[in-house]
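Visitor: My questions will all concern the structure given below.
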Amino acid sequence: MILDILVSASLLGCDLANLENEIDDIKRAGADWLHCDVMDGAFVDNISFGQPVLKCVMRITDEPLDVHLMIQDPIRYIDTYADLGPEIITFHLEAADDPQAVIDKIHSRGIKAGISIKPETTVAEVKPYLKSADLVLVMTVNPGFGGQVFLPQTLDKISEIRYIVDTLERDTYIEVDGGINAKTVKLCRQAGANVFVSGSYIFGADDRTAAVGSLKQI
Ligand code: DX5
Ligand code: ZN
10 MILDILVSAS LLGCDLANLE NEIDDIKRAG ADWLHCDVMD GAFVDNISFG QPVLKCVMRI
70 TDEPLDVHLM IQDPIRYIDT YADLGPEIIT FHLEAADDPQ AVIDKIHSRG IKAGISIKPE
130 TTVAEVKPYL KSADLVLVMT VNPGFGGQVF LPQTLDKISE IRYIVDTLER DTYIEVDGGI
190 NAKTVKLCRQ AGANVFVSGS YIFGADDRTA AVGSLKQI
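Under the working numbering, the first residue of the sequence shown carries the number 10, and numbering increases by one thereafter.
Now the structure itself:
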């Protein structure tokens, strides 16, 4: 199966005081999606931005939004984020009482559904949802902060999930997030990931086009 390789630029890594220019610039650099980390200070130890900010982002760009909800009990907020018209809404398995109900709710709004797992969560726990999720986000750091170091022990989970979705003959995206750079992207590609979130690496680069390009190189 030929996989689309996508780079999702994490807004958390940009200069938020200069959002419009940063979004234009990273689009010109070749980023495919805008990764939007919504944090509630409860599921993770950080608070970022939410629907009011993303509503403004939608107004100034046509880049597809890749919404990553790091919030407790995400079903409460699916309609709020679906109203923005994102490409995809991803929630955390660990944060939901009934993950299937969250997937179904996202689908009922005509939006792709992603499910994410933290580094300590096993493939067995997410397996029941691989038949219906459009994307699996394997966190390669503990969620909550940009600029952390990639955790190589997550690679085996990526390979296992790739094997399962290929066996199911599904073209599920396998996304990785946290500590992705020109070096770690290769390990994730070999393991079977095809969507690469990057914040500090691409926004911190002197040449952002080269940095995005380095994440797409085979
Ligand atoms: C962390 C967020 C990431 C973060 C990645 O919890 O989910 O999307 O912005 O940042 P980098 O690429 O700097 O690790
Ligand atoms: Zn994220």
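Beta carbons: idealized from backbone N, C-alpha and C, even for Gly.
Just so we're clear, the structure is a prediction, and the values are computed from it rather than from any experiment.
For a quick check, are the C-beta atoms of Ile167 and Val147 less than 8 Å apart?
Guide: Residue 167 sits at position 158 when you count from the first residue of the sequence shown. Residue 147 sits at position 138 when you count from the first residue of the sequence shown. Yes, the pair counts as a contact, with Cβ atoms nearer than the cut-off.
Visitor: Would you mind reading off the limits of the alpha helix (DSSP H) that contains Gly123?
Guide: Along the sequence shown, one-based indexing puts residue 123 at 114. Gly123 -> not in any alpha helix (DSSP H); beta strand (DSSP E) instead, spanning 121-126.
Visitor: Pick out every residue whose C-beta is nearer than 5 Å to a heavy atom of the ligand ZN: which are they, in chain order?
Guide: Ordered along the chain, the selected set is Asp46, His77, Asp186.
Visitor: Would you mind working out which of Leu144, Ile189, Asn203, Ala122 sits nearest Phe159, comparing C-alpha positions?
Guide: Translated into the one-based positions of the sequence shown, residue 159 becomes position 150. Per the Cα distances, Ile189.
Visitor: Judging by CA-CA distance, which residue of Val145, Gly59, Ala105, Leu224 is the nearest neighbour of Arg179?
Guide: Position 170 of the sequence shown, counted from the first residue, corresponds to residue 179. Among Val145, Gly59, Ala105, Leu224, the Cα nearest to that of Arg179 is on Val145.
Visitor: Using the C-alpha atoms, what's the distance from Cys197 back to Thr149?
Guide: For the purposes of this step, residue 149 is identified with residue 140 of the sequence shown, where counting begins at 1. For the purposes of this step, residue 197 is identified with residue 188 of the sequence shown, where counting begins at 1. Taking the straight line joining both Cα atoms gives about 10 Å.
Visitor: Between the stretch 13-20 and the stretch 200-220, can you find at least three pairs of beta-carbon atoms closer than 8 Å?
Guide: Yes, since at least three Cβ pairs between the stretch 200-220 and the stretch 13-20 fall closer than 8 Å, the two stretches touch.
Visitor: The ligand DX5 and Ile98: does the residue's C-beta get closer than 7 Å to at least one heavy atom of that ligand?
Guide: Here the question's residue 98 lines up with position 89 in the sequence shown. Ile98 Cβ: outside cutoff for every heavy atom of the ligand DX5.
Visitor: For His44, tell me which candidate among Ile32, Ala51, Ser223, Ala220 has the shortest Cα-Cα distance.
Guide: Stepping through the sequence shown from its first residue, residue 44 is reached at position 35. Looking at the Cα atoms, Ile32 is the closest of the given residues.
Visitor: So Ile98 packs on Ala91, CB below 8 Å; how close in whole Å?
Guide: Locating residue 98 in the sequence shown gives position 89, where the first residue counts as 1. Locating residue 91 in the sequence shown gives position 82, where the first residue counts as 1. Indeed, because the Cβ distance is near 7 Å, the residues count as touching under 8 Å.
Visitor: From Gly156 to His101, what distance separates their C-alpha atoms?
Guide: For the purposes of this step, residue 156 is identified with residue 147 of the sequence shown, where counting begins at 1. For the purposes of this step, residue 101 is identified with residue 92 of the sequence shown, where counting begins at 1. Going by the C-alpha atoms only, they are around 20 Å apart.
Visitor: Can we say the stretch 34-48 touches the stretch 136-144, given the rule of at least three CB pairs closer than 8 Å?
Guide: With a cut-off of 8 Å, the stretch 136-144 and the stretch 34-48 do not count as touching, because too few Cβ pairs lie within range.
Visitor: Can you have a look at Gly50 and say buried or exposed, based on whether 16 or more other CB atoms are within 10 angstroms of its CB?
Guide: Taking the first residue of the sequence shown as position 1, residue 50 is located at position 41. Exposed.
Visitor: Rank Val132, Leu93, Pro137 by C-alpha distance to the C-alpha of Arg118 and give the top, closest one.
Guide: Counted from its first residue, the sequence shown places residue 118 at position 109. Nearest C-alpha to Arg118: Leu93.
Visitor: Regarding Leu21 and the ligand DX5, is the C-beta to nearest heavy atom distance less than 7 Å?
Guide: Here the question's residue 21 lines up with position 12 in the sequence shown. The answer is yes for Leu21.
Visitor: Over the uninterrupted beta strand (DSSP E) stretch that includes His29, give me the two end residues.
Guide: Here residue 29 corresponds to residue number 20 of the sequence shown, with the count starting at 1. The sequence as given places Glu at residue 29; His does not occur at that position. Taken as a continuous stretch (DSSP letters only), Glu29 belongs to no beta strand (DSSP E), being part of the alpha helix (DSSP H) at 28-37.
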